[in-house]
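*Asks:*
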Amino acid sequence: MERLAFRFDGGVPAASARQPCIVGVVASGNLEVLIEPSASDSACAIEINTAAHGFRATWQAVMADFFARHPIAGVRISINDAGATPAIVSLRLDQAFEAYAGDGAP
Amino acid sequence: MMQSYYEATARERLAAIVDAGSLREILPPPARTLSPHLMALDLPTAFDDGVIIGSATLAGLPILAAAQEGGFMGGAVGEVHGAKIAGLLARAVATRVAGVVLLLETGGVRLQEANAGLIAVSEIIRAICATRVAGIPVVAAIGGQYGCFGGMGIAASCCGTVVMSEEGRLGLSGPEVIETAHGVDEFDSRDRALVWRTVGGKHRYLLGDAQVLVDDRLDAFRDALAAALRAGGRLDLAALEREHAMLARRLDAYGTCRDAEEIWRAMGIEAPQDVPMLPTDVLVAACKSRRAA
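Here the protein sequences line up with chains A and B, keeping their order. According to my numbering, the first sequence is numbered sequentially starting from 85. According to my numbering, the second sequence is numbered sequentially starting from 18.
#1: Within the continuous beta strand (DSSP E) that includes Ser162(A), where are the two ends?
#2: Looking at the C-beta of Asp149(A), does it have a partner C-beta in chain B at a distance below 9 Å?
#3: Distance, Cα to Cα, Val114(B) vs Cys146(B)?
#4: Which chain B residues sit within Cβ distance under 7 Å of Val110(A)?
#5: In its own chain, which residues sit with a C-beta less than 6 Å from the C-beta of Cys274(B), not counting the 5 before and 5 after it?
#6: Can you find a C-beta in chain B that's less than 9 Å from the C-beta of Ala127(A)?
#7: My assumption, with CB atoms under 8 Å, is that Val94(B) sits in contact with Gly125(B). Please give the rounded CB distance.
#8: Please report the residue range of the beta strand (DSSP E) in which Thr74(B) lies.
#9: Between Arg41(B) and chain A, is the shortest Cβ-Cβ distance under 9 Å, so that the two count as touching?
#10: Can you pull out the residues from the stretch 86-113 of chain A whose beta carbon lies closer than 7 Å to at least one beta carbon of chain B?
#11: Does Glu120(A) get closer than 9 Å to chain B when you measure Cβ to Cβ?
#12: Would you list the residues sitting across from Leu119(B) in a DSSP beta bridge?
#13: Which residues in chain B sit within 7 Å of Glu116(A), going by Cβ to Cβ distance?
#14: Three-state secondary structure (DSSP) at Ala172(B)?
#15: Report the CB separation of Leu235(B) from Ile34(B) in whole angstroms; it is logged as a contact under 8 Å.
#16: Pull the bridge partners of Arg41(B) from the DSSP assignment, please.
#17: Sorted by chain position, which residues of the same chain lie with C-beta nearer than 6 Å to Leu51(B)'s C-beta, five sequence neighbours on each side aside?
#18: Can you list, in chain order, the residues of its chain whose CB lies under 7 Å from that of Lys305(B), leaving out five sequence neighbours each side?
#19: According to DSSP, is Gly108(A) part of a helix, a strand, or is it coil?
#20: Flag Gly164(B) as yes if its beta-carbon sits less than 9 Å from any beta-carbon of chain A, otherwise no.
#21: Pick from Gly138(A), Ala166(A), Ser122(A): whose alpha carbon is nearest that of Ala101(A)?
#22: Indicate the three-state DSSP secondary structure (helix, strand or coil) for Glu116(A) in the structure shown.
#23: Tell me which residues share the same chain as Leu135(B) and place their Cβ nearer than 6 Å to its Cβ, disregarding the 5 neighbours each side in the sequence.
#24: Closer than 8 Å to a non-hydrogen atom of the ligand ADP - does that hold for the CB of Glu193(B)?
#25: Does the stretch 172-190 of chain B come into contact with the stretch 146-159 of chain B, if we say contact requires no fewer than three beta-carbon pairs (one atom in each stretch) closer than 8 Å?
#26: How many Å lie between Ser126(A) and Met169(B) at the Cα?
#27: How is the beta strand (DSSP E) around Ile130(A) delimited, first residue to last?
#28: Can you give me the Cβ contacts of Ala107(B) inside the same chain, cut-off strictly under 7 Å, excluding the 5 residues immediately before and after it?
#29: Here's the rule I'm using: 16 or more other beta-carbon atoms within 10 Å means buried, otherwise exposed. How should Ala152(A) be labelled?
#30: Taking Cβ-Cβ distances shorter than 7 Å, what residues in chain B pair up with Met135(A)?
#31: Using a Cβ cut-off of 7 Å, pull out every chain B residue sitting near Ala166(A), in sequence order please.
#32: Could you check whether the stretch 133-150 of chain A touches the stretch 28-47 of chain B, counting it as contact only if at least three pairs of C-beta atoms, one from each stretch, sit closer than 8 Å?
#33: With the cut-off set at 9 Å, would you say Ala129(A) and Val159(A) are in Cβ contact?
#34: For the putative contact between Gly161(B) and Glu122(B), defined by C-beta atoms under 8 Å, what is the C-beta separation to the nearest angstrom?
#35: Determine, for Ser124(A), whether the minimum Cβ-Cβ distance to residues of chain B falls below 9 Å.
#36: Whose C-beta lies closer than 6 Å to the C-beta of Pro296(B) among residues of the same chain, with five residues either side of it excluded?
Written as structure tokens, this is what we have:
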């Protein structure tokens with residue numbers, strides 16, 4: 085497994101207190117995304133545990149793309165990945181954001 | 018809203034089956050109760066180790082529930098995963114809930130965890146029996162892609178009620194395992210019709226291994242599980258002896274059959290070759306009185 089960490093500053097905190105949300109399953113070609121409020125950190129902190137080694141640059145690009153779409157602050161995002169493609173990762177991140185910050189369930 | 022039990026994830030199933038908003042998850046993902054074995058082997062882990070447990074109400078009844086996620090390592094039972102289910106059952110006895118609902122989807126023991134997984138499954142089996150002896154119903158649902166096999170096939174059979182859909186599969190050794198161990202002449206695991214008429218929900222219902230057969234709909238599973246909880250029932254010596262007598266009669270009546278269709282014919286079911294194509298309600302209406310149980 086390869087562990088990666090990214091941090092994005094300058095986002096906007098969620099409007100009100102939020103509950104942790106999880107989307108996705110750690111199945112082949114899939115991943116789970118856990119998104120939680122972070123009391124101690126005003127950034128968007130992302131930790132990734134991936135079965136596919138050597139894709140740091142790709143992860144960096146996909147995470148930066150997510151943060152550009154949803155510049156959120158004060159959250160911790162944790163990912164367990166079993167070889168998902170970038171498109172699936174982006175989809176799960178959007179689902180997790182919607183579940184976390186949206187009005188209703190995903 | 019997705020209706021298919023088969024297509025839903027474990028979280029979606031659990032959310033749809035319990036009363037809306039009633040689920041209180043125990044050891045939720047933020048608790049990060051990961052498998053130490055998978056970490057040591059440098060394999061992917063899941064924040065819930067592939068099983069969601071919690072308290073909820075079902076049709077107003079206070080219950081404890083577990084849902085296995087087949088997508089994560091085939092729903093296989095590791096040490097943490099198994100301890101969550103066994104602990105849930107111990108809690109059921111301690112808190113006297115109205116019942117325990119197990120949404121099973123598993124290939125059995127997680128081989129990477131070896132003895133810890135084997136012990137976990139045996140602890141689950143013991144806990145299911147102890148919970149039922151305490152008068153608390155334990156009801157299982159099987160209708161996912163991965164079926165319910167291995168030691169958890171035994172665990173399912175220890176539950177008071179098993180609710181299955183036609184798509185669900187229940188067995189001990191899975192089809193591929195049988196083929197690998199005994200050859201393709203014994204069991205062709207790629208023959209899907211053969212697999213389903215041997216371990217599928219319809220055959221399990223007709224043999225009496227499953228008590229309820231439902232369509233592949235979340236609400237159908239929910240209603241059947243609620244009815245089973247309301248019916249209650251305690252595991253005692255008399256119940257065990259009735260079960261053993263049924264198994265002896267079944268073995269006596271069908272033990273020499275070579276195929277499920279032969280069993281259905283021996284049961285007196287008209288046009289047994291049509292059983293795989295019958296809708297659930299038609300099959301249940303036509304065959305209820307012919308079942309082995």
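For every residue, glycine included, the Cβ atom is placed at its ideal position computed from N, Cα and C.
*Replies:* Reading off the structure:
#1: 159-165
#2: no
#3: 16 Å
#4: Pro61, Ala63, Phe89
#5: Ile280
#6: no
#7: 7 Å
#8: 68-75
#9: no
#10: Pro104, Ile106, Val109, Val110, Ala111
#11: yes
#12: Ala83(B), Ala157(B)
#13: Ala63, Phe64
#14: helix
#15: 6 Å
#16: Ser72(B)
#17: Thr62
#18: none
#19: strand
#20: no
#21: Ser122(A)
#22: strand
#23: Val126
#24: By its list of ligands, the structure shown contains no ligand whatsoever, and the ligand ADP lies outside what it can speak to.
#25: yes
#26: 45 Å
#27: 128-134
#28: Ala144
#29: exposed
#30: The displayed chain sequence assigns Ala, not Met, to residue 135(A). The answer, in chain order, is Pro61.
#31: Pro61
#32: no
#33: yes
#34: 4 Å
#35: no
#36: none
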